[in-house]
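Residue numbers (the numbering used here), protein chains in the order written: chain A, -14 to 203; chain B, 13 to 320; chain C, 155 to 547. Positions of the beta carbon are idealized from the N, C-alpha and C atoms, including for glycine. Please read these numbers as outputs of a predicted model, since none were measured by experiment.
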Amino acid sequence: MINIRQLEFHYQIGGFRLSIPEFSVERGERLAVIGPSGSGKTTLLNLIAGIIIPERGTIGVNNVKVGELNDAGRRDFRITHIGFVFQDFELLDYLSILDNILHPYRISGALTLNKKVHAHAAALAQEMGIGDKLTRRPNDLSQGEKQRAAICRALLPQPKLILADEATGNLDPDNKTLILDLLFRAVEDYNTTLLTVTHDHELLKRFDRVVDFKDFRL
Amino acid sequence: MERGKMGPKRQLWVLYIAIVLGILPCSSHAGAKVTGKLSVYVVNYPLKYFAERVGGEHVRVVFPGPADEDPADWVPDIKVIADYQKADLILLNGAGYARWVNRVSLPRSKMVNTSAKFKDQYIRTKGAVTHSHGSGGEHAHEDAAFTTWMDFNLAAKQARAIAVAYGRKRSTLKNTFEKKIIELEKDLFALDRNIKVLVSNNQSQPLIASHPVYDYFARRYGLNIKNVHWEPDQVLTDQLWMELQKILKTHAAKWMIWEGDPIQESIAKLKSVGINSLVFNPCANVPQKGDFLSVMQKNVKNLAVAFE
Amino acid sequence: MLDSLYIAWKYISFNKLKTTTLVACIALISFLPMALQLLLDESERQLMSRAAVTPLVIGAKGSSLDLVMNTLYFGDEVPELISMASVERVENMDLAMPIPLYVRFGTRGNPIVGTTPDYFEFRGLIVAAGRQMALLGDCVLGAKVAEILDLKPGDSLVSSPENLFDLAGIYPLKMKVAGVLAKSHTTDDLAVFVDIKTAWVIQGLGHGHQDVTRLKDPTLIYKSSESNVAATAKLYHYTEITKDNIDTFHFHGNLGQYPITAVIAVPYDEKSGTILRGRYLSKQETRQIVKPREVIDGLLQDIFRIKNVLDAVISVVALATALAIILVFALSLRLRQREIQTIFKLGCSRLTIVRLLLSEIFITVLISGVFCGAMIFTVNQYANEIVRMLFIR
């Protein structure tokens, strides 16, 4: 699913450098990336998603060399192939839960919003246990419910890859387990790959593989 | 007849209707043209006579008062007031005649006070009681004598005022009106002269008048007249007779001037005290026979008897 | 595009306070100059159209503006009074048709205009219901007055006292509504017309009462002589003119000295008008003759001068408001950086982000425009009344 070769990247300001000689994730794999703060875990996710491009090396996602696409290409690829789940959920307060779930379809021309998508969103929300919260706003939901809504948003375009950046970071233990269960179930149900950045060592044993990021920093 | 073609009868009808429709707006508009007849409303018959004499075919003169009522006392109703308002000219006698004028709304631009030019010659009624309010209040003045046309010199001036008003309204007809006013003045001045000559014989002889309507007449022709308030068609009461007796003590009149034909009883009673009767009709309303001039000419003949 | 508008609308309707404030600012700053221009155009139209059709006005020497405002627009400021002799003077000159006006009294907040039937012909006023005034005590209502007071022919209307404590002066007269005029869309719609003699009756110069020569109550008689009876103040004056008492109504003194506020002079032609104006040029002259058009022109010049100042002030305020609005948007953008980064991460292009923000601005401006339009519409509907309130009464 993901193939990284001889990747090198650095930020102009701050002097942070990242070097990954080789890194790959299999299709359907549930991978956890751990490492200290500032080690570049989020940078890796941004590189895989095509938000930033490496100075050297190749990043292949689902056999597409992301680094070689132009801006528009990377954006379209990102929104159709990759689903993001954030630590702080990043739901928009002014939109209803349904509108938040449908949001990617409204901000990109690569996705087409129609009745089928609406129905799929409702079904997805029902699966996630927030089917009755669609008309509410994020502020009316609990932390766990918000993250479930964010997962719905990530899953709706049926992405090949889910990138979860500290998805359980702001949740209580019960919700952490619940969210992880939902993510793992999504991997199975939607035949997708999960790459999670986490600090939570208690959850690591549930993953297929754990990668320690300290090996990739120069 | 073929379908779609109009028969001759129908063609005629269409033509007729077209003509009528064409004429109607023209005819209604014609009345509003400056060259149409002037609509003139007056407040008594003498003015009607003068207005018709001066205006001729160019005017339509209306005096809407009833024939059996003294125009001085007559008060028009609202409909008639509206007719006055719509007139082109409203001729007033002035001198307080037609008191109703002060209590109605009339367009000032159309009103002509025919005696305005000789306001200073109005005669204040003697013996009338005025009223005022408080110690320094102004008096109400409705006490002028108003039969100005009985002085034929003043009557001519009133007629002249009418001619001037006509000339303002129809400047293109000024010459026509001038010719007519000159003719009327001739007739009025003739009356004036005749009376002057007639009364010169015995000008100062005391006379009694049945009503105070001869003030201007008396002043113009220097006559010595005292007034009573007798109605020609009513039986004399004792009080009225007593009033006459009182007057006769210092004013030994031999003739009573009546404004209308008196009843025989009154004539006889006056005769019994040596007073004869003659009629000098002020002609304030439309006469049953003749016109203003013929009535005045007859009046002069009647008067002549008293001065033989 | 629709998606951007949808999201923008959601944002705007969620942030009600911010949106309301922005809309209010934009709407007001747009509304002010437009409303001002509208009112000025309306005032110019109202004032000038009337002034243009009134050739000349004669009144007492003094403020020509007060004279014109009272004569043409029935303004509250009553100019110094003149007498009917001024009317007779114009008549005698035979250069113009004089129309007397006595605009001094009021009834239920509406001016009473004492005049003659010539006025109606001059102004082209038509009676829509009932009839023209005919008798003393009749009044004819302007269309708007009849509407506001809910009066029709046959009803009655009482004149208002000049002031609350006017116990011995102008007393209320119950007038009969003879007719209602058709709408003329001028000041005449707001007036109550009476014959000038009725106005004098309202003032107390004319009145009706019992025949003083036949009074039985001695307390009603002040002094009595052979030629005159002076009545006391106790004598009751009729407060309504009816068909039973109209014959008792009379006027004391010389009608030629009775007061009026102005004379509208309608010259027979231009030459007559010029000659007429020339007759009032003498230094000893106590009357003035004015061309309403010139007076109103002067007033409008003053108004426009003030408007220019107001325009400058509004421009500065508008600039400040614009800067404040820009600041609000900029701060809002800064606060939403995280949201922008998130949607960028999700796959939103920079162009779409710009479109989202522009959509918010567009909707805000559109709503402001709607409110501004509604306010302008309202001002337009009531422009007539507002102008009267501001400039005339």
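With a cut-off of 8 Å on the beta carbons, I'd call Pro265(C) and Ala419(C) a contact; round off their distance for me.
For this step, residue 265(C) is matched to residue 111 along the third sequence. For this step, residue 419(C) is matched to residue 265 along the third sequence. Wrong, their Cβ atoms sit about 21 Å apart, outside the cutoff.
Mapping the DSSP letters down to three states, classify Ser306(B) as helix, strand or coil.
On the second sequence, position 294 is the one that residue 306(B) refers to. DSSP places Ser306(B) in helix when its eight states are reduced to three.
For a cutoff of 9 Å on Cβ pairs, would you count Asn538(C) as touching chain B?
Locating residue 538(C) in the third sequence gives position 384, where the first residue counts as 1. So, not an interface residue.
Let me know the secondary structure DSSP gives Val73(B) once reduced to three states.
What you label residue 73(B) is simply residue 61 of the second sequence in a count that begins at 1. Three-state result, Val73(B): strand.
Rank Gly360(C), Asn224(C) and Thr261(C) by C-alpha distance to the C-alpha of Val299(C) and give the top, closest one.
Here residue 299(C) corresponds to residue number 145 of the third sequence, with the count starting at 1. Minimum Cα distance to Val299(C) is reached at Thr261(C).
For the alpha helix (DSSP H) containing His105(A), name the first residue and the last one.
Walking along the first sequence from the start, residue 105(A) turns up at place 120. From DSSP, the alpha helix (DSSP H) with His105(A) extends over Lys100 to Glu112.
Where does Lys191(B) fall in DSSP's three states?
Taking the first residue of the second sequence as 1, we reach residue 191(B) at position 179. Three-state result, Lys191(B): helix.
Which residues in chain C have a C-beta closer than 8 Å to the C-beta of Val54(B)? List them in chain order.
By one-based count along the second sequence, residue 54(B) stands at place 42. Within chain C, no residue comes near Val54(B); the closest Cβ sits about 18 Å away, beyond 8 Å.
Run through the DSSP bridge pairs and tell me what Pro265(C) is partnered with.
To locate residue 265(C), count along the third sequence from 1; it is residue 111. Answer is Gly260(C), bridged to Pro265(C).
Any beta-carbon of chain C closer than 9 Å to the one on Pro119(B)?
Here residue 119(B) refers to the residue found at position 107 when the second sequence is read from its first residue. Yes, Pro119(B) counts as interfacial toward chain C.
Skipping 5 residues on each side, what residues in its chain have a beta carbon closer than 7 Å to that of Val307(B)?
As a working mapping, residue 307(B) is identified with position 295 in the second sequence. Excluding positions up to five away in sequence, the list reads Asn293, Cys295 and Pro299.
Are there 16 or more other CB atoms within 10 angstroms of the CB of Arg41(A), so buried, or fewer, so exposed?
Sequence index remark: in the first sequence, residue 41(A) carries index 56 (1-based). So Arg41(A) counts as exposed.
Check the Cβ of Asp292(C) against every Cβ in chain B and list those closer than 8 Å, keeping chain order.
The residue you call residue 292(C) lines up with position 138 of the third sequence. Residues of chain B passing the Cβ test: Ser117.
For Gly106(B) versus Thr126(B), is the C-beta spacing smaller than 9 Å?
Counting from one through the second sequence, the residue named residue 106(B) turns up at place 94. Counting from one through the second sequence, the residue named residue 126(B) turns up at place 114. Yes; because the gap between Cβ atoms is below 9 Å, this pair is in contact.
Any Cβ of chain C within less than 9 Å of the Cβ of Ala57(A)?
Reading the first sequence from its first residue, position 72 is the one you call residue 57(A). True, the Cβ-Cβ gap to chain C drops below 9 Å.
Which residues, taken in chain order from the region 159 to 170 of chain C, show a beta carbon closer than 9 Å to some beta carbon of chain A?
Result list: Tyr160, Ile161, Lys164, Tyr165, Ile166, Ser167, Phe168 and Asn169.
Run through DSSP, which three-state label would Gly213(C) get?
Stepping through the third sequence from its first residue, residue 213(C) is reached at position 59. Three-state result, Gly213(C): strand.
Please report whether the beta-carbon of Tyr90(A) lies at a distance below 9 Å from any beta-carbon of chain F.
Included in the structure are the protein chains A, B and C, with no chain F among them.
So the candidates are Gly302(B), Ile259(B), Tyr96(B) and Leu305(B); which of them puts its Cα closest to the Cα of Ile287(B)?
Counting from one through the second sequence, the residue named residue 287(B) turns up at place 275. Per the Cα distances, Ile259(B).
Starting from the Cα of Gly(-1)(A), find the closest Cα among Ile67(A), Gly25(A), Lys199(A) and His186(A) and give me that residue.
The sequence position of residue -1(A) within the first sequence is 14, counting from 1. Of the listed residues, the one whose Cα sits closest to Gly(-1)(A) is Gly25(A).
Where do the ends of the beta strand (DSSP E) carrying Trp253(B) lie?
For the purposes of this step, residue 253(B) is taken as the residue at position 241 of the second sequence. Per DSSP, Trp253(B) belongs to no beta strand (DSSP E); it is in the alpha helix (DSSP H), Asp250 to Thr262.
Starting from Arg41(A), trace the alpha helix (DSSP H) both ways and give me its first and last residue.
Reading the first sequence from its first residue, position 56 is the one you call residue 41(A). Unbroken run through Arg41(A) is the beta strand (DSSP E), Arg41 to Val46; no alpha helix (DSSP H).
I need the boundaries of the beta strand (DSSP E) containing Met268(B), first residue and last residue.
Taking the first residue of the second sequence as position 1, residue 268(B) is located at position 256. Where Met268(B) is concerned, the enclosing beta strand (DSSP E) stretches over Trp267 to Trp270.
By the criterion of Cβ-Cβ separation under 8 Å, what are the contact partners of Arg121(A) in chain C?
Stepping through the first sequence from its first residue, residue 121(A) is reached at position 136. In chain order: nothing, as chain C lies at least about 13 Å away.
Could you give the residue range of the beta strand (DSSP E) that holds Asn(-12)(A)?
One-based indexing of the first sequence puts residue -12(A) at position 3. Element bounds for Asn(-12)(A): Ile(-13) to His(-5).
Among Asp82(B), Trp242(B) and Leu210(B), which residue has its Cα nearest to the Cα of Glu255(B)?
Taking the second sequence and counting its residues from 1, one reaches residue 255(B) at position 243. Of the listed residues, the one whose Cα sits closest to Glu255(B) is Trp242(B).
For Lys261(B), count neighbouring C-beta atoms within 10 Å of its own C-beta (all shown protein chains included) and say buried if the count is 16 or more, exposed if not.
Along the second sequence, read from residue 1 onward, the residue named residue 261(B) stands at position 249. Under this definition Lys261(B) is an exposed residue.
Please list, in chain order, the chain C residues whose beta carbon lies closer than 8 Å to that of Ile33(A).
Taking the first residue of the first sequence as 1, we reach residue 33(A) at position 48. By Cβ distance, chain C contributes nothing, its closest Cβ being about 12 Å from Ile33(A), past 8 Å.
Touching or not, the region 73 to 84 of chain A and the region 116 to 124 of chain A, by the rule of three or more beta carbon pairs under 8 Å?
Judged by Cβ distances under 8 Å, the region 73 to 84 of chain A makes contact with the region 116 to 124 of chain A, as three or more pairs qualify.
Counting contacts by CB-CB distance shorter than 9 Å, is Arg60(A) in contact with chain C?
In the first sequence, the residue the question calls residue 60(A) occupies position 75. Taking Cβ atoms only, chain C reaches closer than 9 Å to Arg60(A), which makes this a yes.
If you follow the beta strand (DSSP E) that Gly48(B) is part of, which residue opens it and which one closes it?
What you label residue 48(B) is simply residue 36 of the second sequence in a count that begins at 1. First-last for Gly48(B): undefined, no H or E at that position.
Assess contact between the region 300 to 310 of chain C and the region 328 to 339 of chain C, defined as three or more Cβ pairs (one per stretch) separated by less than 8 Å. Is contact present?
Because the criterion of three Cβ pairs below 8 Å is met, the region 300 to 310 of chain C and the region 328 to 339 of chain C touch.
Give me, in chain order, the residues of the same chain whose beta-carbon lies closer than 7 Å to that of Leu186(C); leave out the 5 immediate sequence neighbours on both sides.
Walking along the third sequence from the start, residue 186(C) turns up at place 32. Around Leu186(C): Ile468.
Going by C-alpha distance, which of Tyr79(A), Asp78(A), Ile86(A) and Arg59(A) is nearest Val70(A)?
One-based indexing of the first sequence puts residue 70(A) at position 85. Comparing Cα-Cα distances from Val70(A) to each of Tyr79(A), Asp78(A), Ile86(A) and Arg59(A), the minimum goes to Ile86(A).
At which residues does the alpha helix (DSSP H) containing Ile(-2)(A) begin and terminate?
Here residue -2(A) is taken as the residue at index 13 of the first sequence, counted from 1. Looking at the DSSP string, Ile(-2)(A) is not in any alpha helix (DSSP H), and its letter there is neither H nor E.
Cα separation between Ala316(B) and Val52(B)?
Start at 1 with the first residue of the second sequence, and residue 316(B) comes out as number 304. Start at 1 with the first residue of the second sequence, and residue 52(B) comes out as number 40. Each residue's Cα considered, the two are about 35 Å apart.
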